[in-house]
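**Q**
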Amino acid sequence: MGYKIYINGIGSISAQEEDLFSRGSATIYRENIFPAISPNYKEFIKPMALRRMSKAIKMGVTSAKIALKEAKVEVPGAIITGTGEGCKQDTEKFLENLLDLDEKLLTPTSFIQSTHNTIGGQIALNLGCKNYNVTYTQNSVSLETALLDAQMQFNENPEIGSILAGGVDEISEKITSFQKLDGQLKLNPIKNLDLLREDSTGTITSEGAHFFVLSKEKKENTYAEFQSVSIKNVIKPETIINEIENFLAKNNLNSTAIDAVILGKNGDNRYDYFYKNLQRKLLKNKPQLAYKHLVGDFDTASGYAVFVAAKILKTSKIPAILKLNNVDCKIPKHILIYNQYLGRDHSLMLLSAV
Numbered sequence: 109m110g111y112k113i114y115i116n117g118i119g120s121i122s123a124q125e126e127d128l129f130s131r132g133s134a135t136i137y138r139e140n141i142f143p144a145i146s147p148n149y150k151e152f153i154k155p156m157a158l159r160r161m162s163k164a165i166k167m168g169v170t171s172a173k174i175a176l177k178e179a180k181v182e183v184p185g186a187i188i189t190g191t192g193e194g195c196k197q198d199t200e201k202f203l204e205n206l207l208d209l210d211e212k213l214l215t216p217t218s219f220i221q222s223t224h225n226t227i228g229g230q231i232a233l234n235l236g237c238k239n240y241n242v243t244y245t246q247n248s249v250s251l252e253t254a255l256l257d258a259q260m261q262f263n264e265n266p267e268i269g270s271i272l273a274g275g276v277d278e279i280s281e282k283i284t285s286f287q288k289l290d291g292q293l294k295l296n297p298i299k300n301l302d303l304l305r306e307d308s309t310g311t312i313t314s315e316g317a318h319f320f321v322l323s324k325e326k327k328e329n330t331y332a333e334f335q336s337v338s339i340k341n342v343i344k345p346e347t348i349i350n351e352i353e354n355f356l357a358k359n360n361l362n363s364t365a366i367d368a369v370i371l372g373k374n375g376d377n378r379y380d381y382f383y384k385n386l387q388r389k390l391l392k393n394k395p396q397l398a399y400k401h402l403v404g405d406f407d408t409a410s411g412y413a414v415f416v417a418a419k420i421l422k423t424s425k426i427p428a429i430l431k432l433n434n435v436d437c438k439i440p441k442h443i444l445i446y447n448q449y450l451g452r453d454h455s456l457m458l459l460s461a462v
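The opening residue of the sequence shown carries number 109 in my numbering; numbering runs sequentially from there.
Take a look at the structure:
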C-alpha cells in the first residue's frame, strides 16, 4: 500500500534569508564561493557543544530542530540525511594536523567528526533519538536518495509516524576551492544574480542545510504533499522529455497538469542545454523558476528547491526573483523539480498542494 506523504515542517539554512518570500529581494554576493547566513545557533544548541561543532553540524542540527518544532514533533521515527561531501572543515583540520605534526601525536577529534554520518549522529544525540538513522552520500542526488528512502520507510514500516529527512553540505577554505581546478567554478568572480546570464563554463557555490518533517498525516500547518522522486545517473539530452512524461504518468499526471517547474540551471554553458530543451518544448507555457543564482550550486542544493516549491504551494505566491519567464499561475497545484549536475545524476521530484 502506498501512503500519501506530507511535508509538515521545514528547516532551511542557506545563503538567503528565509523571509525572501515576504520581502522579495535577495542577498547579493560578488564571489563565486560564499557562505550560508547563520541563524542564532545558541537558541538551538548548548554553548559547550556548539564550540566543538563544524558549520555543517551546526546547520544540520539547527535546521532539523526548526523543522521538528514547526511540525510539533519531538522525536521522529527515523532520521535520514543526505550529504555530498560531509564535514569538509573537519577533514581539512585533520589533514593539516597530519602534515603539521608529521603524522605523530594526532588528536582523533577532527577525524571522528569528519565522517559523513556525523551530522545525522549529532542530530540523533541532540534529540535523544534511537530510531532508524542512515546517511546517504550520492553526489548531487544525496538529498533525493534520502527522500527516496523516506518513501520506502513509510511503505515498509506502517508504524512510523514521522520521518526527518534532509540534506547538508558546507564550504571549506581549501577543498571547495579545488573545484576551480577542474572547471566546476567560474574563473572570474561574478554577481550571483547575474549567474544565469553568464555564457561561460562553471558555476558558483555555497552551502546550506534543508530538513523536512514528513508524515502520513495531514495537519493544519502542512506545506504540501511530497508525491514522488526519481533518480537516474545518465539521461541522454534527447530523451529527457520522455523521462519526464514517464515520471508524470507514474503519478497519474501529464505535462498539462504541471503548474510550475523549478529547474537546476546553474549558468554552466556546458550542461544547461538539458534545461533549455524543456524550456523551449514540453514546458514552454509553464512558469519556469530557478534558484541557484540565489543559493549557489552544491550537492544538496536541491533542498532549497523543495523548500521553494513547498512555500509556493502553501502561499500561492511566486517571488519574481525566481522567474525565468513571464508565464504566471495564480494557484499552483503541482510543481515539478528537475536537477542535474555536470550532465549526470538527474533527479525529478513532484510536490502537490493539499
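Even glycine gets a Cβ: it sits at the ideal position worked out from N, Cα and C.
Any idea what DSSP makes of H401, helix, strand or coil?
**A** Indexing the sequence shown from 1 puts residue 401 at position 293. Correct three-state label for H401: helix.
**Q** Can you check which of these residues, A144, E139, N140, L158, is closest to S122 by C-alpha distance?
**A** Counting from 1 along the sequence shown, the entry for residue 122 is found at position 14. Ranking A144, E139, N140, L158 by Cα distance to S122 puts A144 first.
**Q** Which same chain residues, not among the five before or five after R452, have their C-beta less than 7 Å away from its C-beta?
**A** In the sequence shown, the residue the question calls residue 452 occupies position 344. N341, V342, listed in sequence order.
**Q** Could you check what DSSP says for I352 in three-state terms: helix, strand or coil?
**A** Residue mapping note: residue 352 aligns to position 244 of the sequence shown, counting from 1. If DSSP states are grouped into helix, strand and coil, I352 belongs with the helices.
**Q** What is the rounded straight-line gap between the Cα of G228 and the Cα of K327?
**A** What you label residue 228 is simply residue 120 of the sequence shown in a count that begins at 1. What you label residue 327 is simply residue 219 of the sequence shown in a count that begins at 1. Near 26 Å, if we compare the C-alpha coordinates of K327 and G228.
**Q** Determine, using beta carbons only, whether T311 and L293 come nearer to each other than 8 Å.
**A** Numbered from 1 along the sequence shown, position 203 holds the residue referred to as residue 311. Numbered from 1 along the sequence shown, position 185 holds the residue referred to as residue 293. Cβ atoms of T311 and L293: closer than 8 Å.
**Q** What does a CB cutoff of less than 6 Å around S218 pick up in its chain, not counting 5 residues either side in sequence?
**A** Translated into the one-based positions of the sequence shown, residue 218 becomes position 110. For S218, where only same-chain residues beyond five positions count, the Cβ hits under 6 Å are D198, K201, F202.
**Q** For D257, collect the residues of the same chain with a Cβ closer than 8 Å to its Cβ; drop the 5 residues on either side in sequence, then sort them by chain order.
**A** Within the sequence shown, numbered from 1, the residue matching residue 257 stands at position 149. I188, V242, Y244, A273, listed in sequence order.
**Q** Within its chain, find whatever has a CB closer than 7 Å to the CB of N359; leave out the 5 residues flanking it on each side and keep chain order.
**A** For this step, residue 359 is matched to residue 251 along the sequence shown. Q335, S336, L458.
**Q** Short of 7 Å in beta carbon distance, which residues of its chain neighbour H361, apart from the five on each side in sequence? Order them along the chain.
**A** Counting from 1 along the sequence shown, the entry for residue 361 is found at position 253. Note on residue identity: the sequence assigns Leu, not His, to residue 361. Once the five neighbours on either side are set aside, the close Cβ partners of L361 are H442.
**Q** Please state the DSSP three-state secondary structure of L207.
**A** Translated into positions along the sequence shown, residue 207 becomes position 99. The answer is helix: DSSP assigns L207 an H, G or I state.
**Q** One question on the structure: do V435 and N377 come within less than 8 Å of each other, judged by their Cβ atoms?
**A** Along the sequence shown, read from residue 1 onward, the residue named residue 435 stands at position 327. Along the sequence shown, read from residue 1 onward, the residue named residue 377 stands at position 269. No, these two residues do not count as a Cβ contact at 8 Å.
**Q** In angstroms with no decimal places, state the Cα-to-Cα distance between M109 and L235.
**A** Taking the sequence shown and counting its residues from 1, the one referred to as residue 109 is at position 1. Taking the sequence shown and counting its residues from 1, the one referred to as residue 235 is at position 127. Because M109 carries a pLDDT of 46, less than 50, the predicted location of this residue cannot be relied on, and no value is offered for it.
**Q** Within 10 angstroms of the Cβ of M260, are there 16 or more other Cβ atoms? Answer buried if so, exposed if not.
**A** Numbered from its first residue, the sequence shown carries residue 260 at position 152. Answer is exposed; the Cβ neighbour count stays below 16.
**Q** Out of curiosity, what's the CA-to-CA distance linking G117 and V169?
**A** Stepping through the sequence shown from its first residue, residue 117 is reached at position 9. Stepping through the sequence shown from its first residue, residue 169 is reached at position 61. Answer to the nearest angstrom: the Cα atoms are 14 Å apart.
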